[in-house]
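Worksheet: the structure to be examined is printed underneath.
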Amino acid sequence: QKSFPQIFRQEGLAQKMAGRILVMRPASLSDFTKSLEQMKVTLLQNDVKLLIVDSVAAFMSSENERGTTGFTQHPLRWALSFLKSIAELTRIPVVVSNQVRSQSNDDGYHYSFE
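Numbering of the sequence shown is given in UniProt numbering, commencing with residue 1 and proceeding in unit increments.
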């Protein structure tokens, strides 16, 4: 049986896989774009199988709170376009999540997931 639980019972496999995860935490949208530029070579050199970006909206939200929305629009589009080109060039799947936030006190904007 080749299920995931069975595979992870192999001694040391989970630790080996976890050791291959690279986590980057850019502090701003500009840091994010810089890390993307450096990432292309890293992806190819390390035989990466999946790229996950969580959460693009967090950069947008933090820039909006600082009042720099005019600057934010272009770099965010550039970053998303760059991620698309990375996926096409390297044939690596790219998953981009988008954080959902509500700043309204209106009950119509809040949903219960019970």
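Glycine is no exception: its CB is placed at the ideal position from the N, C-alpha and C atoms.
Everything numeric in this text was worked out from a predicted model, so none of it was measured.
The beta-bridge partner set that DSSP reports for residue 96 consists of 53.
Across the structure, residue 25 and residue 15 are spaced so that their CA atoms are roughly 22 Å apart. Counting the other Cβ atoms within 10 Å of the Cβ of residue 27 gives fewer than 16, which makes it exposed. Approximately 12 Å separates the beta-carbon atoms of residue 51 and residue 44; this is outside 8 Å, ruling out the contact. The continuous alpha helix (DSSP H) containing residue 30 extends over residues 29-45.
Across the set 76, 90, 9, 46, the C-alpha of 46 shows the shortest separation from the C-alpha of residue 20. In the same chain as residue 75, and ignoring 5 residues on each side of it, the C-beta atoms closer than 6 Å to its own belong to 29, 33, in chain order. Non-local C-beta neighbours of residue 92 in its own chain, meaning closer than 8 Å and more than five positions away in sequence, comprise 43, 48, 49, 50, 51, 86, ordered along the chain.
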